[in-house]
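Student: I have a structure I would like to understand better, so I am pasting it below and will then ask my questions one at a time.
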Amino acid sequence: MRSSVSSVSLERKGTLLKLYSLLIFLFLYLPLLVVIVFSFSPTKTIVGMSGVTTRWYKDLIHDRALLKALLHSFEVGVSAVFIALLFGTSGAFFITKVRFPGKGLLRALVMLPFVLPGIIMGLTLLIFVRNLNIPLSMITILMGHVSFTTPIVMFQVSARLQRMGPNFQLAAQDLGATPFKTFWYVTLPMIRTALIGAALLAFTVSFDEIVISYFLTGTWMTLPVYLYGMLRFGLSPKVYAVSGFILVFSLFLILLMTKYIGRSGEELALRR
Amino acid sequence: MKRRKRKFDEPRSFLKGIPIFVWLIILVIVPLIFTFTMSFYSSAGLVIEKSFTLKNYRLFITDPIYSRILFKSLWLSLAVAILSIGMAYPLAYMVSFKMVRGRNLLFMMCIIPLWVSYLVRIIAWRSILGNRGVINTILMGIGLIKEPLQIFLYNRFAVAITLTYICIPFVFIPVYTALEKIPRNILHAASDLGANEFHTFLNVVLPLSMPGLITGFIFSFIIALGDYIIPLQLGGTQGIMFGNLIWSQFGFAFNWPFGAALGFVLFVISVTILGVTAKFGSTEGGFFE
């Protein structure tokens, strides 16, 4: 952190710029506030909103299909994270520790699922599972989610490995540790927070994902897909209540995540 | 451990690479190959005929509807990218240069919207722009209009504003990272040499932040170009985009081979843009590390 250097502020205080930034902050946060306000409104509009009600939230508990979708989202999220931890972590070790030509190409290919528009991942995977006669089910949704959780884990972990350098492992080996012991006692504790952070990030993204899932969903739905289905009947108080719940839960995950993914912005930015 | 200067490590260490290659082949490469193959099939009713034909690509090129929608989408994506930069760049500049305290908090506040559910943010904009939405309610409340206006939702404007909203953090992050990397003593030097803030910005800050700017631009452009949920939810018939054109081939139009061809067109466009700009954009500190 550079506290002394950052006070270099360029002569003027930039009042106009701050005002403009404030407007953009309003642009970013007012829409979210609208959702929250609507979710507590007894009527459908904000004008004439008399009082606050938690009725819509209470109604959610009795919606069995909704609770099922929520459970499905957890199932998919947790599974996608675990699979990604296996594939992504080994991939991270491979790309940082093993010498081979064409690393750049491998990096670019692994990156594809999140630099490409989600629609491309969705339709290619749909065509893939249809060719293999895999019916649309949890498995297909899970495949879609593993396609983007794996790069998240891989890039978070490989960033940490790169920063660590090889010296700790070399020291452990010089002291006679087996490769397994080196991994268990030296490397793993050092990448632990990166793993937790990546897992939380991957889960957050998976929990909200719809663009790819929408292609791969049959009757087995995750929460966002279920919510999307609710939208066909317009914006009901229930839609707002579900949105409000998702919003708060996402914020909770984000705050949890910031504890593990470094304090500096750079690391936070590793993935959308 | 002996360190040899070799191109390849010993074969045993390649075992680590197996899982990621399996992942890559099953979830990325083979699906792309299948899609490419399917784009040369044709659809007859509900059956897909597996004989080679260029019909889909020919249809895409000859029927002006498709290229018109593509060009409309490209324009809209360009507008979205420019709007996002117009909002995110000053914001990043402010947080990076003008804030002494509370920078980390402000930074967090700029990127939190990124992880708040995409669908919830779409719902938010529907409820703002809609018939009984916030804008109409306010306008009616202050007596400017009697009946709710229908001009806000179901058009290109609604799609552009929502896409911009989604894209802002994607521009903010690479720009902010680039700005943070600029050594502050360069700015001192510029002001010692008599440059005012505007000149310093134009001649020093802007060129040095260009890689981040380009990365942000490309990201927002590609996100806008490939989106289909936002035009479906807020676009109506006027706001149809290339993304929902593709989606509809897998939905009610049920022409998977044509959808595969359109998808492949989008794939080629995206990869070309990414490939060409990878040289100019920053790959570090952005989204990939």
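Chains as they are written, first to last, in the working numbering: chain A, 87 to 358; chain B, 2 to 290.
The C-beta atom is built at its ideal place from N, Cα and C for all residues, glycine as well.
On the three-state DSSP scale, how would you describe I347 of chain A?
Tutor: Start at 1 with the first residue of the first sequence, and residue 347 of chain A comes out as number 261. In this structure, I347 of chain A counts as coil in the three-state DSSP scheme.
Student: For F338 of chain A, count neighbouring Cβ atoms within 10 angstroms of its own Cβ and tell me buried if that reaches 16, exposed if not.
Tutor: Position 252 of the first sequence, counted from the first residue, corresponds to residue 338 of chain A. Its Cβ having fewer than 16 others within 10 Å, F338 of chain A is exposed.
Student: In the structure shown, what three-state DSSP assignment does A257 of chain A receive?
Tutor: The sequence position of residue 257 of chain A within the first sequence is 171, counting from 1. If DSSP states are grouped into helix, strand and coil, A257 of chain A belongs with the helices.
Student: Taking a contact to mean a Cβ-Cβ separation below 7 Å, would you say I307 of chain B touches G237 of chain B in this structure?
Tutor: Residue coverage of chain B in this structure runs from 2 to 290, which leaves residue 307 of chain B outside it and unanswerable.
Student: By a C-beta neighbour count over all protein chains shown, 10 Å radius and 16 as the cutoff for buried, is V81 of chain B buried or exposed?
Tutor: Walking along the second sequence from the start, residue 81 of chain B turns up at place 80. It is buried - the Cβ of V81 of chain B has at least 16 other Cβ atoms within 10 Å.
Student: Counting contacts by CB-CB distance shorter than 7 Å, is N256 of chain B in contact with chain A?
Tutor: By one-based count along the second sequence, residue 256 of chain B stands at place 255. False, the Cβ-Cβ gap to chain A never drops below 7 Å.
Student: Along chain A, in chain order, which residues have C-beta atoms closer than 7 Å to that of A125 of chain B?
Tutor: Your numbering for residue 125 of chain B matches position 124 in the second sequence. P117, L118, V120, V121, listed in chain order.
Student: In chain D, which residues lie with their C-beta within 7 Å of the C-beta of Y229 of chain B?
Tutor: Protein chains in the displayed structure are A and B, and chain D is not among them.
Student: For E148 of chain B, does the three-state DSSP call read helix, strand or coil?
Tutor: Counting from one through the second sequence, the residue named residue 148 of chain B turns up at place 147. It is coil, neither helix nor strand.
Student: For G252 of chain B, would you say it is in contact with chain A, using Cβ-to-Cβ distances shorter than 7 Å as the test?
Tutor: As a working mapping, residue 252 of chain B is identified with position 251 in the second sequence. No, because no Cβ of chain A sits closer than 7 Å to the Cβ of G252 of chain B.
Student: When the Cα of P237 of chain A is compared with those of A:D294, A:S299, A:R249, A:I169, which residue comes out closest?
Tutor: As a working mapping, residue 237 of chain A is identified with position 151 in the first sequence. Taking only the C-alpha atoms, the option nearest P237 of chain A is A:I169.
Student: Using a Cβ-Cβ cutoff of 9 Å, what residues of the region 66-95 of chain B are near chain A? List them in chain order.
Tutor: Under the 9 Å Cβ criterion, the region 66-95 of chain B contributes M88, A89, P91, L92, Y94, M95.
Student: What does DSSP give as the partner residues of V48 of chain B in its beta bridges?
Tutor: Numbered from 1 along the second sequence, position 47 holds the residue referred to as residue 48 of chain B. Answer by DSSP bridge pairing, in chain order: B:A45.
Student: Please decide whether V184 of chain A counts as near chain B, where near means a Cβ-Cβ distance under 7 Å.
Tutor: Walking along the first sequence from the start, residue 184 of chain A turns up at place 98. With 7 Å as the cut-off, V184 of chain A counts as an interface residue toward chain B.
Student: Cβ of V201 of chain A within 7 Å of Cβ of T308 of chain A?
Tutor: Here the question's residue 201 of chain A lines up with position 115 in the first sequence. Here the question's residue 308 of chain A lines up with position 222 in the first sequence. No, these two residues do not count as a Cβ contact at 7 Å.
Student: Just curious, the alpha helix (DSSP H) that Q234 of chain B is in, first and last residue?
Tutor: Taking the second sequence and counting its residues from 1, the one referred to as residue 234 of chain B is at position 233. Looking at the DSSP string, Q234 of chain B is not in any alpha helix (DSSP H), and its letter there is neither H nor E.
Student: Spell out whether any CB of chain A is found under 7 Å from the CB atom of S52 of chain B.
Tutor: Position 51 of the second sequence, counted from the start, is the residue given in the question as residue 52 of chain B. For S52 of chain B, the answer is no, since every Cβ of chain A falls outside 7 Å of its Cβ.
Student: Is DSSP giving H148 of chain A helix, strand or coil here?
Tutor: As a working mapping, residue 148 of chain A is identified with position 62 in the first sequence. Three-state DSSP puts H148 of chain A in coil, outside helix and strand.
Student: Grab me the residues of W126 of chain B's own chain with a C-beta within less than 6 Å of its C-beta, minus the 5 sequence neighbours each way, in chain order.
Tutor: Numbered from 1 along the second sequence, position 125 holds the residue referred to as residue 126 of chain B. If we look at W126 of chain B and ignore the five residues flanking it on each side, its Cβ neighbours are T163.
Student: Is the beta carbon of T201 of chain B closer than 7 Å to that of L180 of chain B?
Tutor: Here residue 180 of chain B refers to the residue found at position 179 of the second sequence. Here residue 201 of chain B refers to the residue found at position 200 of the second sequence. Not a contact, by the Cβ cut-off of 7 Å.
Student: Taking D193 of chain B as part of the alpha helix (DSSP H), name the residues at either end of that continuous run.
Tutor: Locating residue 193 of chain B in the second sequence gives position 192, counting from the first residue. 185-193 is the span of the alpha helix (DSSP H), which, as asked, contains D193 of chain B.
Student: Give me the Cα-Cα distance between L267 of chain B and G227 of chain B, rounded to the nearest whole angstrom.
Tutor: On the second sequence, residue 267 of chain B is found 266 positions in, with the first residue counted as 1. On the second sequence, residue 227 of chain B is found 226 positions in, with the first residue counted as 1. Cα to Cα, L267 of chain B sits roughly 7 Å from G227 of chain B.
Student: Would you decide whether P212 of chain B is buried or exposed? Buried here means 16 or more other CB atoms lie within 10 Å of its CB.
Tutor: To locate residue 212 of chain B, count along the second sequence from 1; it is residue 211. It counts as buried.
Student: Report yes or no: do three or more beta-carbon pairs, one from the region 182-196 of chain B and one from the region 123-140 of chain B, lie closer than 8 Å?
Tutor: Segments in contact, no.
Student: Rounded to whole angstroms, what is the Cα-Cα separation between I241 of chain B and R216 of chain A?
Tutor: Locating residue 241 of chain B in the second sequence gives position 240, where the first residue counts as 1. Locating residue 216 of chain A in the first sequence gives position 130, where the first residue counts as 1. Spanning the two alpha carbons is a distance of roughly 27 Å.
Student: F61 of chain B and A262 of chain B look like a contact to me (Cβ under 8 Å); what is the Cβ gap, rounded to whole Å?
Tutor: The sequence position of residue 61 of chain B within the second sequence is 60, counting from 1. The sequence position of residue 262 of chain B within the second sequence is 261, counting from 1. Right, the Cβ-Cβ distance comes to about 6 Å (below 8 Å), so this counts as a contact.
Student: How close, in whole Å, do the beta carbons of I215 of chain B and T278 of chain B come, if the pair is a contact with beta carbons under 8 Å?
Tutor: Numbered from 1 along the second sequence, position 214 holds the residue referred to as residue 215 of chain B. Numbered from 1 along the second sequence, position 277 holds the residue referred to as residue 278 of chain B. Correct: roughly 6 Å between the Cβ atoms.
Student: So, with DSSP's three-state summary, where would you put G103 of chain B?
Tutor: Residue numbering aside, residue 103 of chain B sits at position 102 when the second sequence is read from its first letter. Correct three-state label for G103 of chain B: coil.
Student: So, helix, strand or coil for W306 of chain A, using DSSP?
Tutor: Numbered from 1 along the first sequence, position 220 holds the residue referred to as residue 306 of chain A. Three-state result, W306 of chain A: coil.
Student: Output the boundary residues of the alpha helix (DSSP H) element that contains K17 of chain B.
Tutor: By one-based count along the second sequence, residue 17 of chain B stands at place 16. Note, K17 of chain B: premise wrong, no alpha helix (DSSP H); not H, not E.
Student: Name the chain A residues that come within less than 9 Å of T216 of chain B, Cβ to Cβ?
Tutor: For the purposes of this step, residue 216 of chain B is taken as the residue at position 215 of the second sequence. Correct list: empty, because the minimum Cβ distance to chain A is about 10 Å.
Student: Alpha carbon to alpha carbon, how far is I129 of chain B from H158 of chain A? Give it in angstroms, no decimals.
Tutor: As a position in the first sequence, residue 158 of chain A is number 72, starting the count at 1. As a position in the second sequence, residue 129 of chain B is number 128, starting the count at 1. So the alpha carbons of these two residues sit roughly 30 Å apart.
Student: Note down, in chain order, every chain A residue with its Cβ under 8 Å from the Cβ of K8 of chain B.
Tutor: Counting from 1 along the second sequence, the entry for residue 8 of chain B is found at position 7. Ordered by position in chain A, the residues that pass the 8 Å Cβ test against K8 of chain B are R185, F186, P187.
Student: So, with DSSP's three-state summary, where would you put Y326 of chain A?
Tutor: For the purposes of this step, residue 326 of chain A is identified with residue 240 of the first sequence, where counting begins at 1. Three-state result, Y326 of chain A: helix.
Student: What residue does the alpha helix (DSSP H) around K104 of chain A start on, and which one ends it?
Tutor: On the first sequence, residue 104 of chain A is found 18 positions in, with the first residue counted as 1. Per DSSP, K104 of chain A belongs to the alpha helix (DSSP H) from 101-125.
Student: Whose C-beta lies closer than 8 Å to the C-beta of N132 of chain B among residues of the same chain, with five residues either side of it excluded?
Tutor: Here the question's residue 132 of chain B lines up with position 131 in the second sequence. Excluding sequence neighbours, N132 of chain B sits near P149, Q151, L154.
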